[in-house]
Amino acid sequence: MIRSGGLKFKNDQKALPEHVDALEQQFQQLKATIHQQLVVSLDLTKLGRIDRQQLWDYIRSLADKASQGRSELLSQLDRERLVEELLDEVFGLGPLERLMADPEVTDVLVNDPYTVYVERKGRLELTEVMFADEEHLMRIIQRIVGRLGRRIDEVSPMVDARLEDGSRVNAIVPPLSLDGPSMSIRRFGRQPLKMDNLLANGSLLPEMASLLDAVVRARLGCLISGGTGAGKTTMLNALSASIPATERLVTIEDSAELLLQSKHRVRLETRPANTEGKGEITQRDLVRNSLRMRPDRIIVGEVRGAEVWDMLQAMNTGHEGSLTTIHANSARDALARLEMMVAMSGFELPISVVRQYIASGIRVIVHAARLAGGPRRVTQVSEIVGVENDQYVLEDI
Numbered sequence: 032m033i034r035s036g037g038l039k040f041k042n043d044q045k046a047l048p049e050h051v052d053a054l055e056q057q058f059q060q061l062k063a064t065i066h067q068q069l070v071v072s073l074d075l076t077k078l079g080r081i082d083r084q085q086l087w088d089y090i091r092s093l094a095d096k097a098s099q100g101r102s103e104l105l106s107q108l109d110r111e112r113l114v115e116e117l118l119d120e121v122f123g124l125g126p127l128e129r130l131m132a133d134p135e136v137t138d139v140l141v142n143d144p145y146t147v148y149v150e151r152k153g154r155l156e157l158t159e160v161m162f163a164d165e166e167h168l169m170r171i172i173q174r175i176v177g178r179l180g181r182r183i184d185e186v187s188p189m190v191d192a193r194l195e196d197g198s199r200v201n202a203i204v205p206p207l208s209l210d211g212p213s214m215s216i217r218r219f220g221r222q223p224l225k226m227d228n229l230l231a232n233g234s235l236l237p238e239m240a241s242l243l244d245a246v247v248r249a250r251l252g253c254l255i256s257g258g259t260g261a262g263k264t265t266m267l268n269a270l271s272a273s274i275p276a277t278e279r280l281v282t283i284e285d286s287a288e289l290l291l292q293s294k295h296r297v298r299l300e301t302r303p304a305n306t307e308g309k310g311e312i313t314q315r316d317l318v319r320n321s322l323r324m325r326p327d328r329i330i331v332g333e334v335r336g337a338e339v340w341d342m343l344q345a346m347n348t349g350h351e352g353s354l355t356t357i358h359a360n361s362a363r364d365a366l367a368r369l370e371m372m373v374a375m376s377g378f379e380l381p382i383s384v385v386r387q388y389i390a391s392g393i394r395v396i397v398h399a400a401r402l403a404g405g406p407r408r409v410t411q412v413s414e415i416v417g418v419e420n421d422q423y424v425l426e427d428i
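Sequential numbering from 32 applies to the sequence shown in this note's numbering.
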C-alpha cells in the first residue's frame, strides 16, 4: 500500500487505458524516478530562492544520468519536455500546468490519473496529459488545496474552492470517490466577454442584445436560466455593462466568478464551515447583510436555496433591476424551481402569493442553452406579464 496524506492507494494500480501507450508509461516512470531524487536532494522549503535556470540545469543532469541506456525513450519523447514537466512538478501543478496555461481551456476534468479531458471552444477533448499514478494525482490535489488553506483526506474528502486566478476547483477523493481521486477545474477569463463578443460568436441576435440592454437600463428584474455550462455567468457579466456607472452594486456568490463591468461594486463570497462545523456564512446571510449596505442593485451569482426569498423581497422593496442566475431547462422550469426554493426558506405561503411575489420582482427571464456540438446560445427571452388564475402569464419576446 502507498500512503498519501492519510489516504491509502494500492500498488497494483488499475490497467492503463488504451490511449496510454507503453512508451508514455515508461516516460512517466522515468519522470517519477527523477522527481523522487529531487525530493531527496533538494530543500523544498527553499525553492522560492532557487534560481530557475540553476534548477533546470540540475534536473537536466539528473535526466541525463537516469536515461543512460534508454536513448530510445528520449529520442522519441523530447528531453526538454522531461525537464519542463519536472519543473512543473516542483513549482506548479504538475501535468496540469500546461493545460492551465492554455487560454482556450475553460474546463479541466481529471477522471483518474490516466484520463484527463479539457473543454476548448465548447467541445470536450481527451488530452495526452496523465499522472504517474493515484499517489501522484493525490499529491497535486493536496498541493492545490493546501495553498488555499484547506485540507483533503479521508476525514474531509471533498473540497470546493477558488484558485488565485479565479478558477474554481472541486476535488473528491476516497472513500467518496470509488475509483480514486478526481478533480475538476472551471476556468474563467481574466477579461469578461462583452455583448459585442456574444454577438460576434452568435450567442444571441442583435435584436436580443438591444432588448436586454433596455431591460437592464429600465431596472427590470432579470433572471438568467440555463443548464450547466450554458453561459449564464457570461451573460450576467455582459448584461452588467448596461448598468449605469453611478449605481452601487453588491455581488454575492458561493465562489467568486463574476467580472462585472462596474467599479462601483462590493464583492461578497460565502464561507464554508470549519473543521468543527462552525463559522459558515451562507448566501442567505450575505443577501440579508447586503440590504444594510445601501445597494442600488443586488446581484447573486446563482440562487440555489433559501436565499431566493430574501432576494425576492429585495427586488420588491426598492432594489429593482437586481439580477441573478438559476439552473433550469426552460423559463417555466426556472419559475418552478424558484417556487421550490421559496418553500426551502421556511415560510409557509399560499402558492398564489408566492407567484405574485415572483412575478412582481422578476420581469424578464433570459434562457441560455448549450447546443449539440458545444455552442452556447440564448434560446428564449420571456416577459412575465403577470399572474392570472394563479398561473404565470409568459410572453416570449
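For every residue, glycine included, the Cβ atom is placed at its ideal position computed from N, Cα and C.
Among residues of its own chain, excluding the 5 on either side of residue i, which ones have a beta-carbon nearer than 8 Å to its beta-carbon?
i, result
"Q60", "A163"
"R363", "Y423, L425"
"L124", "M131, I171, R174, I175"
"I330", "L267, S271, L280, V281, T282, I283, L289, L291, S353, L354, T355"
"A365", "L254, S256, I357, A359, I396, H398"
Using 10 angstroms around the beta-carbon of residue i, count the other beta-carbons present and answer buried if the total reaches 16, otherwise exposed.
i, result
"P144", "buried"
"Q422", "exposed"
"N42", "In this predicted model, N42 has a pLDDT of only 45, less than 50, meaning its place in the structure is not dependable; the value taken from the coordinates is given anyway. Exposed, because fewer than 16 other Cβ atoms sit within 10 Å of the Cβ of N42."
"V416", "exposed"
"F378", "exposed"
"K96", "exposed"
"P212", "buried"
"S353", "buried"
"K152", "exposed"
"G349", "exposed"
"A249", "exposed"
"V139", "buried"
"S72", "exposed"
"A240", "buried"
"G308", "exposed"
"S187", "exposed"
"L317", "buried"
"D285", "buried"
Hey, could you find the ends of the beta strand (DSSP E) residue i is sitting in?
i, result
"G257", "253 to 257"
"M214", "213 to 217"
"Y388", "That residue, Y388, is in no beta strand (DSSP E); its alpha helix (DSSP H) goes 382 to 392."
"R431", "Look at the range of the chain in this structure, 32 to 428, and you will see that residue 431 is not part of it."
"M189", "189 to 193"
"N201", "199 to 203"
"N320", "N320 -> not in any beta strand (DSSP E); alpha helix (DSSP H) instead, spanning 314 to 321."
"V395", "395 to 401"
"D143", "136 to 143"
"T158", "Unbroken run through T158: none, as it is neither H nor E."
Are the beta-carbon atoms belonging to residue i and residue j less than 9 Å from one another?
i, j, result
"S136", "E150", "Here residue 136 is Val; the residue named in the question, Ser, does not match the sequence. Yes, Cβ-Cβ distance for V136 and E150 is below 9 Å."
"E300", "I283", "yes"
"L251", "E351", "yes"
"I65", "L86", "no"
"R199", "R217", "yes"
"P223", "A261", "no"
"T355", "G332", "yes"
"V247", "S271", "yes"
"M324", "V281", "yes"
"I396", "L254", "yes"
"L117", "L168", "no"
"T28", "H358", "Lying before the first or after the last residue shown, residue 28 is absent from the chain, which here runs from 32 to 428."
"I171", "V190", "no"
"V412", "L242", "yes"
"L236", "V121", "no"
Who are the near neighbours of residue i in its chain, counting only those whose CB is closer than 6 Å to its CB and skipping five residues on each side?
i, result
"R34", "Any reading at R34 needs caution, since the residue's pLDDT is 44, under 50, leaving its predicted position unreliable; the model's value is listed next. Same-chain partners within the cutoff: there are none."
"G197", "F219"
"V418", "R386, Q387, A390"
"G336", "M372, M375"
"S383", "D421"
"R91", "V114"
"P381", "none"
"L157", "Y148"
Going along the chain, which residues of its own chain have a beta-carbon closer than 7 Å to the beta-carbon of residue i, five neighbours each way excluded?
i, result
"G180", "none"
"A192", "V176, L179, R181, V200"
"E278", "H295, D327, R328"
"G310", "R302, A304"
"V334", "M342, T355, I357, M372"
"G405", "K152, G153, R154"
"A403", "none"
"S293", "S271, I274, A276, L280"
What is the C-beta distance between residue i and residue j, in whole angstroms, given that I count them as a contact (C-beta under 8 Å)?
i, j, result
"E288", "R315", "19 Å between Cβ atoms; not a contact."
"K62", "L127", "The pair is not a contact, with the Cβ atoms about 14 Å apart (cut-off 8 Å)."
"S234", "R407", "6 Å"
"D341", "R368", "Contact flag wrong, Cβ pair sits at about 16 Å."
"R394", "E414", "6 Å"
"M214", "V141", "4 Å"
Go to residue i, then tell me how far its alpha helix (DSSP H) extends in each direction, as first and last residue.
i, result
"H167", "165 to 178"
"L10", "Residue 10 lies beyond the residue range present for the chain, which begins at 32 and ends at 428; the question has no answer from this structure."
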